[in-house]
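In the order they appear, the protein sequences are chains A and B.
For the first sequence, counting from 1, position 160 maps to 159 in numbering that gives the first Met the number 0; every step adds exactly one.
For the second sequence, counting from 1, position 69 maps to 68 in numbering that gives the first Met the number 0; every step adds exactly one.
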Amino acid sequence: MSHLPELTPDERSRYEWQLWVRDFGEEGQRRLKQATVLVSRIGGVGGSAAMQLAAAGIGRLILAHAGNVRLNDLNRQLLMTTDWIGKPRVESASRRLHDLNPHVEIETIAENINDSNAAELVSRCDVAVSAAPLFAERLLMNREAVRQRKPLVDSAMYELEGRLTTIIPGRSPCLSCLYPEPPPNWKREFPVFSAVSSAVGSLAAMEVIKLIAGIGEPLTGRLLTFDLRDMSFRTVPIARQLDCPVCSALSP
Amino acid sequence: MKLRVQYMAQLRAVVGRAEEEMELSEGGSLADLLNQLATTYGAASSHFVTEARQARPSLLIVVNDSAVSARDAATTVLHTNDVVTLLPPIAGG
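The structure is reproduced here in structure tokens:
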């Protein structure tokens, strides 16, 4: 524990109520403070995940998202503000998160995950969250996380439904095990309430906190699906594909 | 034999319902069911099967409480009253 950064009195006070969480305590908080988390896209899902992670006191957040704030982002992208329409999304997000918790170091990348930046961004994080609206980006993030053996929380939603799984490369199925082909029917624009995307993002953040602090049972080898239309939640075991071109060469 | 098929996410809009009862020949497989659905919902057949009429690899399938890989669809025999849940890929973020 000595290698972990100390908490300042201000931090101890800020996080007081979560320090009461069983098995978490001061060591868990210091683990969060030491950690770096990469969030791919900070829209409805990833933005909410980033907000929860900032509130919890992750040491450093790397936020990757291209483009400027648009009016029709604002029903769900809770890190974006009306006064920032037409200006970079990552700037709005950085301001909001700094206002929430100035102890968190925020690094912004005004690009989406792509072939040029994926390896470098993943190399600098301890855990990654995937929340892009395109499978190409998600599958790229998955490939890079598996290659570097970094834990990845893949979080997605559609309308009133959410899905989540935590990927520990070599130990649990990766995204390519689930989706061995780029899904041909997915459309980039999708129906969304913030209440749903925020729920998925919050669950993803909890997975990240659990992984870093070493508490609870991560959602590995399982797919959580939920439908808020009738409030049904379901967890289904999922298996690695022995011939997965991305992860099958890795042993646990 | 009678089965129950549940549709999730965008499949609900594609087929116009959240679930339905289907009649499948005794001893029919999951692949048979998907081909039957592809025929029933012709314009949306690519959600269920590939052009070669194989189970769509990116379709997540749960039979009762077990996930079944699309590659195993042909060897997965279904039984009366099975509940087959079809989860199309989603990436809303």
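Idealized CB from N, CA, C, for every residue including glycine.
When the Cα atoms are used, what is the spatial distance from L139 (chain A) to P101 (chain A)?
By 1-based counting over the first sequence, the position of residue 139 (chain A) is 140. By 1-based counting over the first sequence, the position of residue 101 (chain A) is 102. Using only the alpha carbons, I get a separation of about 31 Å.
Per-residue DSSP class, three states only, for V199 (chain A)
Here the question's residue 199 (chain A) lines up with position 200 in the first sequence. V199 (chain A): helix per DSSP, three-state reduction.
Less than 8 Å between the C-beta atoms of I129 (chain B) and E160 (chain A), yes or no?
What the structure shows of chain B is the stretch from 0 to 92, and residue 129 (chain B) is not part of that stretch, so it cannot be assessed.
Proximal residues of chain B, C-beta to C-beta of E158 (chain A) below 7 Å
Counted from its first residue, the first sequence places residue 158 (chain A) at position 159. What E158 (chain A) touches in chain B: A8.
Going by DSSP, name the residue or residues bridged to G91 (chain B).
On the second sequence, residue 91 (chain B) is found 92 positions in, with the first residue counted as 1. According to DSSP, which records beta bridges pairwise, G91 (chain B) is partnered with A:M156.
What residues of chain B sit near N184 (chain A), judged by a beta carbon separation below 9 Å?
Taking the first residue of the first sequence as 1, we reach residue 184 (chain A) at position 185. Result: Q9, V13, A43, S45, H46, R55, S57, P87 and P88.
Less than 8 Å between CB atoms is the rule here; does D64 (chain B) satisfy it with respect to chain A?
On the second sequence, residue 64 (chain B) is found 65 positions in, with the first residue counted as 1. Yes, D64 (chain B) counts as interfacial toward chain A.
So A49 (chain A) is in the alpha helix (DSSP H); what residue range does that whole segment cover?
Working through the first sequence from its first residue, we reach residue 49 (chain A) at position 50. A49 (chain A) -> alpha helix (DSSP H) spans G43 to A55.
Nearest CA to the CA of L174 (chain A): which residue from A:Q28, A:V199, A:A204 and A:F134?
As a first step, residue 174 (chain A) is located in the first sequence; it is residue number 175 there, counting from the start. Nearest C-alpha to L174 (chain A): A:F134.
Per DSSP, V235 (chain A) forms a beta bridge with which residues?
To locate residue 235 (chain A), count along the first sequence from 1; it is residue 236. A:L222.
Thinking L78 (chain A) and M50 (chain A) are a contact (beta carbons under 8 Å), I'd like their distance in whole angstroms, please.
Indexing the first sequence from 1 puts residue 78 (chain A) at position 79. Indexing the first sequence from 1 puts residue 50 (chain A) at position 51. Between M50 (chain A) and L78 (chain A) the Cβ distance is about 6 Å, and since that is below 8 Å, they are a contact.
Under 8 Å between beta-carbons, which chain A residues line up against V82 (chain B)? List them in chain order, please.
For this step, residue 82 (chain B) is matched to residue 83 along the second sequence. Near V82 (chain B) there are no residues of chain A at all, since even the closest Cβ is about 12 Å away, more than 8 Å.
Less than 8 Å between CB atoms is the rule here; does V61 (chain B) satisfy it with respect to chain A?
Indexing the second sequence from 1 puts residue 61 (chain B) at position 62. V61 (chain B) counts as touching chain A.
Quick one: which chain B residues come within Cβ less than 8 Å of I237 (chain A)?
Taking the first sequence and counting its residues from 1, the one referred to as residue 237 (chain A) is at position 238. Correct list: A66.
Specify the secondary structure class of N67 (chain A) as computed by DSSP and reduced to three states.
Within the first sequence, numbered from 1, the residue matching residue 67 (chain A) stands at position 68. Note: N67 (chain A) maps to strand in three-state DSSP.
Spatially closest choice to T79 (chain B) from B:R11, B:S28, B:R16 and B:M7, by CA coordinates
Within the second sequence, the letter at position 80 stands for residue 79 (chain B). The shortest C-alpha separation from T79 (chain B) is found at B:S28.
Which residues in the same chain as F225 (chain A) place their Cβ atom closer than 6 Å to its Cβ, once the five residues preceding and following it in sequence are excluded?
Taking the first sequence and counting its residues from 1, the one referred to as residue 225 (chain A) is at position 226. If the five residues before and after F225 (chain A) are omitted, its C-beta is found closer than 6 Å to the C-beta atoms of G161 and F232, all from its own chain and listed in chain order.
Measure from the alpha carbon of A34 (chain A) to the alpha carbon of each residue in A:D125, A:F23 and A:S47, then state which is nearest.
Here residue 34 (chain A) is taken as the residue at index 35 of the first sequence, counted from 1. Comparing Cα-Cα distances from A34 (chain A) to each of A:D125, A:F23 and A:S47, the minimum goes to A:D125.
In whole angstroms, what separates the C-alpha of R55 (chain B) from that of R94 (chain A)?
Residue 55 (chain B) sits at position 56 when you count from the first residue of the second sequence. Residue 94 (chain A) sits at position 95 when you count from the first residue of the first sequence. When rounded, the distance between both Cα atoms is 43 Å.
Taking the straight line between their C-alpha atoms, what separation do you get for V48 (chain B) and L58 (chain B)?
Against the second sequence, residue 48 (chain B) aligns to sequence position 49. Against the second sequence, residue 58 (chain B) aligns to sequence position 59. Approximately 9 Å between the Cα atoms of the pair.
For chain A, is any of its Cβ atoms less than 8 Å away from the one on G92 (chain B)?
Here residue 92 (chain B) corresponds to residue number 93 of the second sequence, with the count starting at 1. Answer yes: the Cβ-Cβ gap between G92 (chain B) and chain A drops below 8 Å somewhere.
Could you please give me the residues that DSSP links to V61 (chain B) through a beta bridge?
Residue numbering aside, residue 61 (chain B) sits at position 62 when the second sequence is read from its first letter. According to the DSSP secondary-structure assignment, V61 (chain B) is paired through a beta bridge with B:A66 and B:T84.
F192 (chain A) versus H2 (chain A): straight-line alpha-carbon distance, rounded
For the purposes of this step, residue 192 (chain A) is identified with residue 193 of the first sequence, where counting begins at 1. For the purposes of this step, residue 2 (chain A) is identified with residue 3 of the first sequence, where counting begins at 1. Approximately 42 Å between the Cα atoms of the pair.
Residue interval of the alpha helix (DSSP H) (run including E119 (chain A)):
Within the first sequence, the letter at position 120 stands for residue 119 (chain A). Residues A117 to S122.
What beta strand (DSSP E) runs, 3 residues minimum, are completely inside the region 8-37 of chain B?
18-22
Are the beta-carbon atoms of L23 (chain B) and L86 (chain B) separated by less than 8 Å?
Counted from its first residue, the second sequence places residue 23 (chain B) at position 24. Counted from its first residue, the second sequence places residue 86 (chain B) at position 87. Contact: no.
Classify D64 (chain B) as buried or exposed, calling it buried when 16 or more other Cβ atoms lie within 10 Å of its own Cβ.
Within the second sequence, residue 64 (chain B) is the residue found at index 65, counting from 1. Exposed, since its Cβ has fewer than 16 Cβ neighbours within 10 Å.
Taking DSSP as the reference, what is the three-state secondary structure of S193 (chain A)?
Here residue 193 (chain A) refers to the residue found at position 194 of the first sequence. Reduced to three states, the DSSP call for S193 (chain A) is helix.
Beta-carbon proximity of S171 (chain A) to G215 (chain A), cut-off 8 Å:
Reading the first sequence from its first residue, position 172 is the one you call residue 171 (chain A). Reading the first sequence from its first residue, position 216 is the one you call residue 215 (chain A). It is not a contact, given that the beta carbons lie outside the stated cut-off.
Could you tell me whether the Cβ of L62 (chain A) comes closer than 8 Å to any Cβ of chain B?
Against the first sequence, residue 62 (chain A) aligns to sequence position 63. False, the Cβ-Cβ gap to chain B never drops below 8 Å.
What is the C-beta distance between A130 (chain A) and A48 (chain A), in whole angstroms, given that I count them as a contact (C-beta under 8 Å)?
Start at 1 with the first residue of the first sequence, and residue 130 (chain A) comes out as number 131. Start at 1 with the first residue of the first sequence, and residue 48 (chain A) comes out as number 49. Correct: roughly 6 Å between the Cβ atoms.
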